[in-house]
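In this note's numbering, the protein residues as written are 406 to 632.
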């Protein structure tokens, strides 16, 4: 059986492909920014001396990291809706992505914080720096610098994982492709196109993170450390 690739039926759907790619970028942007905030706060909570705060952060991380992302989305969109709490599709998609990437970011940032030598903290305390100043200047910046490659890799994976949000009818790249292939019956060609689109988005995202790292962490740039 020979299959002939034919992309002619798909050219008219480029606005839908483009709109899906834009939605994917938007989902990734919000998930990255909010997920990083949660990751930093979660990492601080994990290392807190307050028992209930440390335990709560630990439970959150373990629950998210040990359950499938698809189940998390279904719980937020369908499960909560059955209890009367309904939310728009894109809100549920962003919330699921933020909760998921936030848990992974928490552990990544915590590893960076743990790598800060205790002597640096002792020196900061002896200089009379406040807790806020210590976290801002002594702990978080060096910690984020150390784990920046791992964080950016996690955010890139979340961009690819955003395709799962199509299961709740989010009109991102995969969701748009599902609709288009159901109309044109050109599944092979449709998924070849979005596969290439995801590849391009991934390379652009990695380049953007690299450029951002060059500006945020000049010491790594001077030392030639990969970002």
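Here a beta-carbon is modelled for each residue, glycine too, at the ideal position from N, C-alpha and C. For clarity, every value in this text was computed on a predicted model and none was experimentally measured.
- Uninterrupted alpha helix (DSSP H) stretches inside the region 456-506 (no shorter than 4 residues): As far as the region 456-506 is concerned, its whole alpha helix (DSSP H) runs of at least 4 residues are 456-470, 474-479.
- Message: Helix, strand or coil, according to DSSP, for residue 440 in the structure here?
- Response: Looking up residue 440 in the chain shown gives position 35. Residue 440 falls in the helix class under three-state DSSP.
- Message: Quick check on the burial criterion: 16 or more other C-beta atoms within 10 angstroms. Buried or exposed for residue 408?
- Response: To locate residue 408, count along the chain shown from 1; it is residue 3. Flag for residue 408 reads exposed.
- Query: According to the neighbour-count rule (16 or more other Cβ atoms, all chains shown, within 10 Å of its Cβ), is residue 437 buried or exposed?
  - Reply: The residue you call residue 437 lines up with position 32 of the chain shown. If you draw a 10 Å sphere on the C-beta of residue 437, you find 16 or more other C-beta atoms in it, and that means buried.
- Query: Between which two residues does the alpha helix (DSSP H) harbouring residue 560 extend?
  - Reply: In the chain shown, residue 560 corresponds to position 155, counting from 1. Its alpha helix (DSSP H) spans residues 546-566.
- Near residue 475, what residues of its chain come up, given a Cβ to Cβ distance below 6 Å and the 5 sequence neighbours on each side ignored? The residue labelled residue 475 in the question sits at position 70 within the chain shown. Same-chain partners within the cutoff: 569.
- Message: Once DSSP output is grouped into helix, strand and coil, what is the label at residue 628?
- Response: Numbered from 1 along the chain shown, position 223 holds the residue referred to as residue 628. Here residue 628 scores only 46 on pLDDT, less than 50, and its place in the model should not be relied on; the value that follows carries that caveat. DSSP places residue 628 within a helical segment (H, G or I) once states are collapsed to three.
- Item | Backbone CA spacing between residue 563 and residue 502 [nearest angstrom] | Translated into the one-based positions of the chain shown, residue 563 becomes position 158. Translated into the one-based positions of the chain shown, residue 502 becomes position 97. If I take the Cα positions, the gap works out to 7 Å.
- Separation of residue 462 from residue 442, as counted between CA atoms: Residue mapping note: residue 442 aligns to position 37 of the chain shown, counting from 1. Residue mapping note: residue 462 aligns to position 57 of the chain shown, counting from 1. Here the alpha carbons of residue 462 and residue 442 stand approximately 14 Å from one another.
- Query: What first and last residue would you give for the alpha helix (DSSP H) that runs through residue 531?
  - Reply: Within the chain shown, the letter at position 126 stands for residue 531. Under the DSSP assignment, residue 531 falls in the alpha helix (DSSP H) whose first and last residues are 523-531.
- Message: Quick check on the DSSP output: the alpha helix (DSSP H) that includes residue 609 runs from which residue to which?
- Response: Your numbering for residue 609 matches position 204 in the chain shown. Counted as a single uninterrupted DSSP element, the alpha helix (DSSP H) harbouring residue 609 occupies residues 592-621.
- Query: For residue 431, which of helix, strand or coil comes out of DSSP?
  - Reply: Numbered from 1 along the chain shown, position 26 holds the residue referred to as residue 431. Correct three-state label for residue 431: helix.
- Message: Whole angstroms are fine: how far does the CA of residue 588 sit from the CA of residue 458?
- Response: Mapped onto the chain shown, residue 458 falls at position 53. Mapped onto the chain shown, residue 588 falls at position 183. Inter-residue distance for residue 458 and residue 588 is about 51 Å (C-alpha atoms, whole angstroms).
- Would you say the region 501-518 touches the region 547-557, given that touching needs at least three Cβ pairs under 8 Å? Segments in contact, yes.
- Nearest-angstrom Cα distance between residue 521 and residue 533? As a working note, residue 521 is residue 116 in the chain shown. As a working note, residue 533 is residue 128 in the chain shown. Computed Cα separation, rounded: 18 Å.
- Where does residue 586 land, buried or exposed, given buried means 16+ other C-beta within 10 angstroms? The residue labelled residue 586 in the question sits at position 181 within the chain shown. Around the beta carbon of residue 586, 16 or more other beta carbons lie within 10 angstroms, which makes this residue buried.
- Query: Using the C-alpha atoms, what's the distance from residue 449 back to residue 419?
  - Reply: If you number the chain shown from 1, residue 419 lands on position 14. If you number the chain shown from 1, residue 449 lands on position 44. Taking the straight line joining both Cα atoms gives about 45 Å.
- Query: According to the neighbour-count rule (16 or more other Cβ atoms, all chains shown, within 10 Å of its Cβ), is residue 454 buried or exposed?
  - Reply: Position 49 of the chain shown, counted from the start, is the residue given in the question as residue 454. With fewer than 16 Cβ atoms within 10 Å of its Cβ, residue 454 is classed as exposed.
- Under 8 Å by Cβ, that's how I've got residue 477 and residue 513 pegged, so tell me the actual separation to the nearest angstrom. As a working mapping, residue 477 is identified with position 72 in the chain shown. As a working mapping, residue 513 is identified with position 108 in the chain shown. The Cβ separation is near 19 Å, so there is no contact.
- Please list, in chain order, all residues of the same chain as residue 506 whose beta carbon is under 7 Å from its beta carbon, the five residues on each side excluded. Taking the chain shown and counting its residues from 1, the one referred to as residue 506 is at position 101. Excluding positions up to five away in sequence, the list reads 436, 440, 559, 560, 563.
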